[in-house]
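Heads up: the structure comes next, in structure tokens.
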Amino acid sequence: MRSKCLLATGNLASLVATFLLFTVITAEKIIIQDIQEAQQQFVQKEHTEAFPFLSATLKIEINSVSTFINSSRRTLLSNTLFTFFRHVFDDQHAYDVEIVGVSIFEEELKRNDRKLITEKIINVQPRNSRGRILALNSLQADQFYFEGEEVDDDTIDDDGAINGEGYDDEFDMNEVEGFFEKESDEFLNTVPATGSYTLIFAAVVSAEHLEEQSLTHGDFQAMLIHISHKFNNHLVEFVNGIDDAYFANVTGVLVSGYEAGDTVGTTSQQAGSKFSAGSIVAIVLSVFGLVLFLYIVIKKLTRRGLLLQLKNNEWRSQEIAKNNAHDSVKSLKFLYNRTPDDDYSFDPLSSDNGYNGYAIPRCYDDHAQYREESVTFENHSKTRTSPLKPADEEYQHVFAPPGKIGVAIDVVDGNPTVHKIKHGSPLEGLLKPKDLIIAIDDVDTTRMSAADVTHLMVKRMNYRRKITFVRKDS
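If you read the sequence shown in our numbering, its first letter stands for residue 1066, the second for the next number, and so on.
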């Protein structure tokens, strides 16, 4: 019965969890849908708003040039394009648009592999954001024209006929369904190429829209392309009329819309002086990565040095503890492996200066085969033939405070011996002349010269020093 209750409780919990999960997922979907709808409404509203300042980016190709354009010619060309567009808009009355400037950038020079240049001109009919064709109704049939050209009230030659009702035959508003499928008229124009290069660049045309009409940036761009195609011959004449021989042989000017994916850039002549945005980003990322790599390496090396130092300190502590436990005398090899900053432990019990009457076990050092009971040397050989001390003598210790101790050392019969103790020395009364110095801080001194013993004591001047000695009878 109890198991059935538990099973029923588990099933109920599973159902509740499933219901809650379904509710959360449904709520998330509703929220996402609301966000998407709000974004779409915002985009639609943004595209339908009128802008007082208009801007359009065009891609322009000029055929038959000889070399790359320089800064002065770039200025002349931008002024000519500005004059051309302003002239066209000043002669129409449908739109109160004033051209305020033309800027040229991202020039590129392409070599022509053929003697004839084939131009593909796209005659785009301008339209606003709601799909209405611009400049092609009966009210605007004579919108764009050049002074001196005859304008017929019923027809306008625009590389195609406009009928008496003011609509392009190809864009009859009665054929709304096929209206969006045919929005351009393409034709090929083949001209002789006297130059061997084609100059491609991007041009930004800025204007001010003075009336409260629905005219967007896209509408303005479509109108500029339409004007450039309709009056292409006049545009070429404007370019040929520039007071520079560079533009005298230009045979065609092709204007199209500039897209973000267009590969309009610089030529190899300016590649050394200009960097693209991708190159700059790559350089910045490379420098950042190099700095980060160096920082990590330095940090690791520093940490490794600290760890090594900690290990060395731990090893020293263990070694010192071992030496204090066994109370052994160190060899000269251990001394030379130490640095001047090593801190030896002199008196673990912090006892005052005085005699300690315990005996030191005899041991072997690294330079002698064994130590016997004599401190005499024969011919300075490594083998000792006499005992180190009489049987009734014992090793004794005294602790010298930091600083000078005023003890003079001499060598008698090959053993370091106390020669004299200066009056006022902290060891006065503790050491006596003729005492044999056996070790200093557990470092064997029986085979040292007087200078070596003095150097060892001076080396440890900043620390308390344990002096092991044997007192010989007078």
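Note that CB positions come from ideal geometry on N, CA and C, so glycine has one too. All values derive from a computational prediction rather than experimental measurement.
Item to check | Close-in-space but distant-in-sequence residues of the same chain around His-1490 (CB under 7 angstroms, 5 per side omitted) | outcome: The sequence position of residue 1490 within the sequence shown is 425, counting from 1. This sequence places Ser at residue 1490; His is not what is there. Ile-1470, Gly-1471, Val-1472.
Item to check | Beta-carbon proximity check, Tyr-1311 vs Arg-1176, cutoff 8 angstroms | outcome: Taking the first residue of the sequence shown as 1, we reach residue 1311 at position 246. Taking the first residue of the sequence shown as 1, we reach residue 1176 at position 111. Not in contact: Tyr-1311 and Arg-1176 (Cβ atoms no closer than 8 angstroms).
Next on the checklist: Within the continuous beta strand (DSSP E) that includes Arg-1176, where are the two ends?
Outcome noted: Reading the sequence shown from its first residue, position 111 is the one you call residue 1176. Run containing Arg-1176: 1162-1176, per the beta strand (DSSP E) assignment.
Next on the checklist: With a threshold of 6 angstroms on Cβ separation, who are the neighbours of Val-1162 within its own chain once the five nearest residues in sequence on each side are excluded?
Outcome noted: On the sequence shown, position 97 is the one that residue 1162 refers to. Phe-1154, Ala-1272, His-1274, listed in sequence order.
Next on the checklist: Starting from Thr-1281, trace the beta strand (DSSP E) in both directions and tell me its first and last residue.
Outcome noted: Looking up residue 1281 in the sequence shown gives position 216. Counting along the chain, Thr-1281 falls outside any beta strand (DSSP E), and DSSP gives it neither H nor E.
Item to check | Phe-1174 versus Ile-1125, Asp-1156, Thr-1367, residue with shortest Cα-Cα distance | outcome: In the sequence shown, counting from the first residue as 1, residue 1174 sits at position 109. Going by the sequence as given, residue 1174 is Leu instead of Phe. Selected option, being the one with the closest Cα: Ile-1125.
Item to check | Separation of Leu-1373 from Arg-1529, as counted between CA atoms | outcome: For this step, residue 1529 is matched to residue 464 along the sequence shown. For this step, residue 1373 is matched to residue 308 along the sequence shown. If I take the Cα positions, the gap works out to 27 angstroms.
Checklist entry - Does the Cβ of Asn-1314 lie closer than 7 angstroms to at least one heavy atom of the ligand NAP? => result The ligand NAP is absent from the structure shown, which contains no ligand whatsoever.
Checklist entry - Is it buried or exposed for Leu-1355, if we count other Cβ within 10 angstroms and need 16 for buried? => result Within the sequence shown, numbered from 1, the residue matching residue 1355 stands at position 290. So Leu-1355 counts as exposed.
Checklist entry - Where do the N-terminal and C-terminal ends of the beta strand (DSSP E) with Lys-1487 fall, by residue? => result Numbered from 1 along the sequence shown, position 422 holds the residue referred to as residue 1487. It is not in any beta strand (DSSP E) - Lys-1487 carries neither H nor E in the DSSP assignment.
Item to check | Given 8 angstroms, three or more beta-carbon pairs between the stretch 1299-1319 and the stretch 1165-1174 | outcome: no
Checklist entry - Taking all protein chains shown into account, do 16 or more other C-beta atoms lie within 10 angstroms of the C-beta of Asp-1308, making it buried, or fewer, making it exposed? => result One-based indexing of the sequence shown puts residue 1308 at position 243. Per the 10 Å Cβ criterion, exposed.
Checklist entry - According to DSSP, what are the bridge partners of Asn-1128? => result Within the sequence shown, residue 1128 is the residue found at index 63, counting from 1. For Asn-1128, which the question treats as bridged, DSSP gives the partners Thr-1263.
Item to check | Simplified DSSP assignment, three categories, for Glu-1324 | outcome: Numbered from its first residue, the sequence shown carries residue 1324 at position 259. Glu-1324 falls in the coil class under three-state DSSP.
Checklist entry - By Cβ distance below 7 angstroms, which residues in the same chain neighbour Glu-1302 in space, the five residues on each side in sequence not counted? => result In the sequence shown, the residue the question calls residue 1302 occupies position 237. Contacts found: none.
Checklist entry - Sorted by chain position, which residues of the same chain lie with C-beta nearer than 7 angstroms to Tyr-1323's C-beta, five sequence neighbours on each side aside? => result Numbered from its first residue, the sequence shown carries residue 1323 at position 258. Excluding residues within five positions, the ones whose Cβ falls inside 7 angstroms are Thr-1122, Leu-1123, Lys-1124, Ala-1267.
Next on the checklist: For Asp-1478 and Thr-1367, what's the separation of their Cα atoms in angstroms?
Outcome noted: Locating residue 1478 in the sequence shown gives position 413, where the first residue counts as 1. Locating residue 1367 in the sequence shown gives position 302, where the first residue counts as 1. For Asp-1478 and Thr-1367, the distance between alpha carbons rounds to 52 angstroms.
Item to check | Alpha-carbon to alpha-carbon, Ile-1345 and Phe-1147 | outcome: The residue given as residue 1147 occupies position 82 in the sequence shown. The residue given as residue 1345 occupies position 280 in the sequence shown. C-alpha separation (whole angstroms): 32 angstroms.
Item to check | Classification of Tyr-1360 by the beta-carbon crowding that lies within 10 angstroms, buried from 16 upward | outcome: Locating residue 1360 in the sequence shown gives position 295, where the first residue counts as 1. By the neighbour-count rule (16 or more Cβ atoms within 10 Å), Tyr-1360 is not buried but exposed.
Item to check | Through-space distance from Ile-1290 to Ser-1120, alpha-carbon basis | outcome: Your numbering for residue 1120 matches position 55 in the sequence shown. Your numbering for residue 1290 matches position 225 in the sequence shown. Cα-Cα distance, rounded: 13 angstroms.
Next on the checklist: Which residue wins for smallest C-alpha separation from Thr-1519, given the options Ala-1342, Ile-1474, Ile-1292?
Outcome noted: Translated into the one-based positions of the sequence shown, residue 1519 becomes position 454. Comparing Cα-Cα distances from Thr-1519 to each of Ala-1342, Ile-1474, Ile-1292, the minimum goes to Ile-1474.
Checklist entry - So which of Ser-1143, Val-1304, Lys-1497, His-1152 has the shortest CA-CA distance to Ile-1292? => result On the sequence shown, position 227 is the one that residue 1292 refers to. Among Ser-1143, Val-1304, Lys-1497, His-1152, the Cα nearest to that of Ile-1292 is on His-1152.
Checklist entry - How big is the Cα-Cα spacing for Leu-1350 and Phe-1358? => result Counting from 1 along the sequence shown, the entry for residue 1350 is found at position 285. Counting from 1 along the sequence shown, the entry for residue 1358 is found at position 293. Those two C-alpha atoms are separated by around 12 angstroms.
Item to check | Local Cβ density within 10 Å of Phe-1296, reported as buried at 16 or more and exposed below that | outcome: Within the sequence shown, numbered from 1, the residue matching residue 1296 stands at position 231. Per the 10 Å Cβ criterion, buried.
Checklist entry - What's the call for His-1462, buried or exposed, on a 16-neighbour Cβ count within 10 Å? => result Residue 1462 sits at position 397 when you count from the first residue of the sequence shown. That one is buried.
Checklist entry - When you compare only the Cα positions, how much space is there between Ile-1127 and Phe-1353? => result The sequence position of residue 1127 within the sequence shown is 62, counting from 1. The sequence position of residue 1353 within the sequence shown is 288, counting from 1. For Ile-1127 and Phe-1353, the distance between alpha carbons rounds to 42 angstroms.
Checklist entry - Under three-state DSSP, which class holds Phe-1303? => result Within the sequence shown, residue 1303 is the residue found at index 238, counting from 1. Residue state, collapsed to three classes: helix.
Next on the checklist: Which residue marks the beginning of the beta strand (DSSP E) containing Ala-1504, and which one marks its end?
Outcome noted: Along the sequence shown, one-based indexing puts residue 1504 at 439. Unbroken beta strand (DSSP E) run through Ala-1504: 1501-1505.
Checklist entry - Nearest CA to the CA of Ser-1131: which residue from Asn-1314, Glu-1493, Asp-1284, Val-1483? => result Taking the first residue of the sequence shown as position 1, residue 1131 is located at position 66. Cα-wise, what sits closest to Ser-1131 is Asn-1314.
Item to check | Cut-off 6 angstroms between Cβ atoms - residues of its own chain near Asn-1421, not counting five sequence neighbours on either side | outcome: In the sequence shown, residue 1421 corresponds to position 356, counting from 1. Low local confidence applies: a pLDDT of 42 at Asn-1421 is under 50, so the model's placement there is unreliable, with the coordinate-based value given in what follows. Excluding positions up to five away in sequence, the list reads His-1462.
Checklist entry - Quick one: Cα of Gln-1434 to Cα of Val-1362, how far? => result Here residue 1434 corresponds to residue number 369 of the sequence shown, with the count starting at 1. Here residue 1362 corresponds to residue number 297 of the sequence shown, with the count starting at 1. The pLDDT assigned to Gln-1434 is 40, lower than 50, so where the model puts this residue is not dependable; a value taken from the coordinates is nonetheless given after this. About 49 angstroms.
Item to check | CB of Val-1535 within 8 angstroms of CB of Leu-1521, strictly | outcome: Taking the first residue of the sequence shown as position 1, residue 1535 is located at position 470. Taking the first residue of the sequence shown as position 1, residue 1521 is located at position 456. No.
Item to check | Rounded Cβ spacing between Phe-1150 and Ile-1164 (contact assumed at less than 8 angstroms) | outcome: Position 85 of the sequence shown, counted from the start, is the residue given in the question as residue 1150. Position 99 of the sequence shown, counted from the start, is the residue given in the question as residue 1164. The pair is a contact, with the Cβ atoms about 5 angstroms apart (cut-off 8 angstroms).
Next on the checklist: According to DSSP, is Thr-1533 part of a helix, a strand, or is it coil?
Outcome noted: Stepping through the sequence shown from its first residue, residue 1533 is reached at position 468. DSSP places Thr-1533 in strand when its eight states are reduced to three.
Item to check | Cα-Cα separation, Ser-1514 to His-1484 | outcome: In the sequence shown, counting from the first residue as 1, residue 1514 sits at position 449. In the sequence shown, counting from the first residue as 1, residue 1484 sits at position 419. Cα-Cα distance, rounded: 13 angstroms.
Checklist entry - What are the boundary residues of the beta strand (DSSP E) that includes Val-1315? => result As a first step, residue 1315 must be located in the sequence shown, where it is residue number 250. Where Val-1315 is concerned, there is no enclosing beta strand (DSSP E), given that its DSSP letter is neither H nor E.
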